[in-house]
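Chemist:
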Amino acid sequence: MAPHLLIIGGADSGKSALAQRLAEALCPTPVYLATATAGDEEMARRIARHKAQRDSRWRTVEEPIRIAQVLGELEGVVVVDCLGMWVSNMMMRGMGEQEILEQFNELIGRLGSVACRVIFVSQEVGLGIVPGEPVARAYRVIMGRAHQMLVGAGVRAVLVIAGIPLVLKPFSVEELLEEVGNGS
Numbered sequence: 003m004a005p006h007l008l009i010i011g012g013a014d015s016g017k018s019a020l021a022q023r024l025a026e027a028l029c030p031t032p033v034y035l036a037t038a039t040a041g042d043e044e045m046a047r048r049i050a051r052h053k054a055q056r057d058s059r060w061r062t063v064e065e066p067i068r069i070a071q072v073l074g075e076l077e078g079v080v081v082v083d084c085l086g087m088w089v090s091n092m093m094m095r096g097m098g099e100q101e102i103l104e105q106f107n108e109l110i111g112r113l114g115s116v117a118c119r120v121i122f123v124s125q126e127v128g129l130g131i132v133p134g135e136p137v138a139r140a141y142r143v144i145m146g147r148a149h150q151m152l153v154g155a156g157v158r159a160v161l162v163i164a165g166i167p168l169v170l171k172p173f174s175v176e177e178l179l180e181e182v183g184n185g186s
C-alpha cells in the first residue's frame with residue numbers, strides 16, 4: 003500500500019478539491035469519510051456543496067468520532083474530510099487535549115494495517131495570530147500536535163495555498179503525479 007497523505011491548508015484553499023482529484027485518479031470507487039455534522043444551516047450548505055462536487059463513483063460514510071475504527075472497515079482510497087472537524091467534534095463532547103491526542107495515536111496505530119490508502123484533509127491553523135479565546139488556543143495546539151504526529155509517523159504532507167499544492171514531506175510533485183498516473 004502506498005503511503006498515506008495529509009493535505010493541509012487554510013479555509014477554502016483547495017485542499018478538499020485536491021484530495022478528491024487524487025482519490026479519483028487512484029481509485030475507480032473512492033470513499034469519502036465525512037466527519038462533519040450539520041449543526042446549523044451554514045454547515046448544512048457546506049456539506050451539500052461538498053456532496054454535489056462528488057459524482058456517483060463516490061461512496062460516502064459519515065462518522066464524526068470513530069474514524070480510526072471505520073477506516074479498518076474500508077478498502078480502496080479513502081478521503082477523510084476533515085481532521086479539524088473531527089477534533090472539533092471531540093472537543094464539543096468534552097474531550098481534552100490528552101484524550102484527543104490519544105485518539106490520534108490510535109488512528110496512527112491502525113494506519114499500518116488498514117486495507118485502504120488514506121488521504122487526510124485538515125486545516126492549517128497555526129500560521130495566524132494567537133487566538134484570544136482559550137478553546138480556540140487549545141484547538142490550535144491540538145491541531146498542530148496532531149499534524150506533527152501524523153507526519154512523524156510517515157504520513158506524507160502537502161500544504162495547499164490558493165489552490166496550489168506545496169509538497170512538504172518527503173516526496174516530489176513528480177512522484178505524486180507518477181503515482182496518480184500508475185494508479186498505485
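Using the numbering used here, the first residue of the sequence shown is number 3, and each one after it goes up by one. In this text, a Cβ means the ideal position worked out from N, Cα and C, and glycines have one as well. What you are looking at is a predicted structure, and each value in this text was computed from that prediction instead of being measured.
Between the alpha carbons of Val79 and Leu28, how many angstroms are there, rounded?
Modeler: 7 angstroms
Chemist: Kindly give me the distance between the Cβ atoms of Gln55 and Gly86, rounded to whole angstroms, as I take these residues to be in contact under 8 angstroms.
Modeler: Going by Cβ atoms, the distance from Gln55 to Gly86 rounds to 18 angstroms, so no, they are not a contact pair.
Chemist: Could you tell me if Ile69 is buried or exposed, where buried requires 16 or more neighbouring beta carbons within 10 angstroms of its beta carbon?
Modeler: buried
Chemist: Please determine, among Pro32, Pro30, His52, Ala159, the residue with the shortest C-alpha to C-alpha distance to Ala38.
Modeler: Among Pro32, Pro30, His52, Ala159, the Cα nearest to that of Ala38 belongs to His52.
Chemist: State buried or exposed for Ala148, treating a residue as buried only when at least 16 other CB atoms are found within 10 Å of its CB.
Modeler: buried
Chemist: Is there a C-beta anywhere in chain C that falls below 8 angstroms from the one on Ser115?
Modeler: Note that chain C does not occur in the displayed structure, where there is just one protein chain.
Chemist: Met92 and Ile67 - do their beta-carbons sit closer together than 8 angstroms?
Modeler: yes
Chemist: How close, in whole Å, do the beta carbons of Ile9 and Phe122 come, if the pair is a contact with beta carbons under 8 angstroms?
Modeler: About 7 angstroms separates the beta carbon of Ile9 from that of Phe122, a gap short enough to meet the 8 angstroms contact definition.
Chemist: Between the beta-carbon of Ala21 and the beta-carbon of Asp83, is there less than 8 angstroms?
Modeler: For Ala21 and Asp83, yes; Cβs fall inside 8 angstroms.
Chemist: Mind checking who Thr62 pairs with in its DSSP beta bridge?
Modeler: Tyr34
Chemist: Who are Gly78's beta bridge partners in DSSP?
Modeler: Cys118
Chemist: So what does Pro167 bridge to, in DSSP terms?
Modeler: Val162
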